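Written out below as structure tokens is the structure these notes cover.
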Amino acid sequence: APPPSPAKLYRPNRYVSLPAELDPDTFDLSPEKRRAEAERLAIRSRLKRQYLLQLNSPSPPAVIENPALIRWAYAKSQNVYPTFRPTLKTSVLGAVYGLGPLLFWMFVLKADRDRKEKQIQEGKRKQPSLSVFF
Amino acid sequence: SEMSQDMLPGPYPRTPEERAAAAKKYNMRVEDYQPYPDDGLGYGDYPMLPNKSQYERDPWYQWDQPDMRHNWGEPMHWDFDMYIRNRADTSPTVVPWHIMSKHFFIFLSTMFILFGLGAIYPSYRPVGPKQYPFNDLYLEKGGDPNKKPPTVIHYEI
Chain W
-15 APPPSPAKLY RPNRYVSLPA ELDPDTFDLS PEKRRAEAER LAIRSRLKRQ
35 YLLQLNSPSP PAVIENPALI RWAYAKSQNV YPTFRPTLKT SVLGAVYGLG
85 PLLFWMFVLK ADRDRKEKQI QEGKRKQPSL SVFF
Chain C
6 SEMSQDMLPG PYPRTPEERA AAAKKYNMRV EDYQPYPDDG LGYGDYPMLP
56 NKSQYERDPW YQWDQPDMRH NWGEPMHWDF DMYIRNRADT SPTVVPWHIM
106 SKHFFIFLST MFILFGLGAI YPSYRPVGPK QYPFNDLYLE KGGDPNKKPP
156 TVIHYEI
């Protein structure tokens, strides 16, 4: 049998997406899809019209605010705390990300210092010749 | 800004009416609108858009913001600042990702194993101690020039 074509081998994942040529959805010409595309086009053209009216008006505003940008910034900053809910998942993640690094570095640095102290007691550590202390 | 509270993002929509209102607020179709799952992580009713970077958008279409490839009023992805064209790129690759990662990790592990073996079991040609001329560098090492240096012979007949 001939080897599988590269199109069959391709698999999208979290880092790469499927190209439109390999997606069977692009070749789907059903009326539902066409109506969906028409509705999306209607929304897009309405927004474009609003934007171009503001942009090309005789006295344009100093800044044309983008409500999508305002909503995005609001959602990422001020909407997080009101919509947060302590569940099992959020508690576990909070403990892991909040306390995990702190405890890890505490133990690592303490163990390192204990090892150095033990070496100094045994006399195996080469003390530096320069010292900023007396 | 002067936007009223119902134009700003809110909590997770529970009823279909709330979903329809949220879709209208974000300028999306009701069928396209899909909020993030209600895990309490703080997403609220923000729509979950496909994780595609701005590189994948048509470069020849006349966007309102050509560098961002973004139109005015279009809902922005939650990670929009990650998907801009200076940062993460999710364009389809010529070689599939799993084949690329397989080749890379095979190469990397082979090199690591070989270097590790070379460090544990070093092999080199047999060597002897270094031989210095002029009676083992007698004068250079601070020997007395008036005294006769001890003869050093590095061969045996």
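Residue numbers (the working numbering), protein chains in the order written: chain W, -15 to 118; chain C, 6 to 162. Positions of the beta carbon are idealized from the N, C-alpha and C atoms, including for glycine. For clarity, every value in this text was computed on a predicted model and none was experimentally measured.
Just confirm the distance between the C-beta atoms of residue i and residue j, as a whole number of angstroms; I'd bet it's less than 8 Å.
i             : j              : result
Q38 (chain W) : P45 (chain W)  : 6 Å
T98 (chain C) : V116 (chain W) : Actually they are not in contact, since the Cβ atoms of T98 (chain C) and V116 (chain W) sit about 53 Å apart, beyond 8 Å.
E23 (chain C) : A52 (chain W)  : Contact flag wrong, Cβ pair sits at about 20 Å.
W65 (chain C) : R74 (chain C)  : So it is not a contact: roughly 11 Å between Cβ atoms.
G47 (chain C) : V64 (chain W)  : 4 Å
G49 (chain C) : P16 (chain C)  : 6 Å
R24 (chain W) : G45 (chain C)  : So it is not a contact: roughly 31 Å between Cβ atoms.
N76 (chain C) : L31 (chain W)  : 6 Å
Using DSSP with H/G/I as helix, E/B as strand and the rest coil, what is residue i?
i               : result
L83 (chain W)   : helix
F68 (chain W)   : strand
H75 (chain C)   : strand
W102 (chain C)  : helix
T10 (chain W)   : helix
L93 (chain W)   : helix
D23 (chain W)   : The amino acid occupying residue 23 (chain W) in the given sequence is Glu; Asp does not appear at that position. Here E23 (chain W) sits in helix by DSSP.
W56 (chain W)   : helix
V123 (chain W)  : No statement about residue 123 (chain W) is possible, as the shown extent of chain W runs from -15 to 118 and does not include it.
L119 (chain C)  : helix
D86 (chain C)   : coil
H159 (chain C)  : coil
D149 (chain C)  : coil
R130 (chain C)  : coil
A(-9) (chain W) : helix
G78 (chain W)   : helix
E16 (chain W)   : helix
R30 (chain W)   : helix
Q136 (chain C)  : coil
E7 (chain C)    : coil
S41 (chain W)   : coil
In or out: residue i buried (at least 16 other Cβ within 10 Å) or exposed?
i               : result
Q103 (chain W)  : exposed
G147 (chain C)  : exposed
D9 (chain W)    : exposed
L54 (chain C)   : buried
Y(-6) (chain W) : buried
Q59 (chain C)   : buried
M33 (chain C)   : buried
M81 (chain C)   : buried
Y51 (chain C)   : buried
Y38 (chain C)   : buried
T67 (chain W)   : buried
K135 (chain C)  : exposed
Y88 (chain C)   : buried
A27 (chain C)   : buried
P42 (chain W)   : exposed
T20 (chain C)   : exposed
R130 (chain C)  : exposed
R55 (chain W)   : buried
K17 (chain W)   : exposed
A58 (chain W)   : This sequence places Tyr at residue 58 (chain W); Ala is not what is there. Buried, by the Cβ-count rule.
N50 (chain W)   : buried
T119 (chain W)  : In the structure as shown, chain W starts at -15 and stops at 118, and residue 119 (chain W) therefore has no counterpart that could be examined.
Would you mind telling me which residues of chain W sit closer than 8 Å to residue i, beta carbon to beta carbon, in chain order?
i              : result
W77 (chain C)  : L31, K32, Q34, Y35, I48, N50, A52
D72 (chain C)  : Within 8 Å Cβ-Cβ: nothing; D72 (chain C) doesn't reach chain W, min ~14 Å.
K107 (chain C) : Going along chain W, no residue has its Cβ under 8 Å from K107 (chain C), so there is no contact; the nearest lies around 12 Å.
F85 (chain C)  : W56
E61 (chain C)  : S1
D69 (chain C)  : K32, Y35
Residues of chain W with CB closer than 7 Å to the CB of residue i, please, in chain order.
i              : result
P97 (chain C)  : V0, S1, L2, P3
M12 (chain C)  : P51
M116 (chain C) : Within chain W, no residue comes near M116 (chain C); the closest Cβ sits about 23 Å away, beyond 7 Å.
P101 (chain C) : L(-7), Y(-6), R(-5)
K57 (chain C)  : S1
Which chain W residues are close to residue i, counting only those with a beta carbon under 9 Å from its beta carbon?
i             : result
D44 (chain C) : R69, T71, K73, T74
P23 (chain C) : Reading off the sequence shown, one finds Glu at residue 23 (chain C), where the question assumed Pro. Simply none; closest approach about 14 Å.
P80 (chain C) : A52, R55, W56
Check the Cβ of residue i against every Cβ in chain C and list those closer than 9 Å, keeping chain order.
i             : result
A20 (chain W) : R34, E36, D37
L83 (chain W) : By Cβ distance, chain C contributes nothing, its closest Cβ being about 18 Å from L83 (chain W), past 9 Å.
P66 (chain W) : G15, P16, G47, G49
Starting from residue i, find everything on chain C with Cβ-Cβ shorter than 8 Å and list it in chain order.
i             : result
N63 (chain W) : L13, P14, G15, G47, G49, Y51
A79 (chain W) : Simply none; closest approach about 15 Å.
N40 (chain W) : The contacting residues do not exist; N40 (chain W) stays about 12 Å from chain C at best.
E23 (chain W) : R34
For a contact defined as C-beta to C-beta under 7 Å, what are the partners of residue i on chain C?
i             : result
A59 (chain W) : P14, G49, Y51
For this session: Write down every uninterrupted run of the alpha helix (DSSP H) in the segment 10 to 77 of chain C whose length is 4 residues or greater and which is fully enclosed by it, in chain order.
Result: 21 to 30
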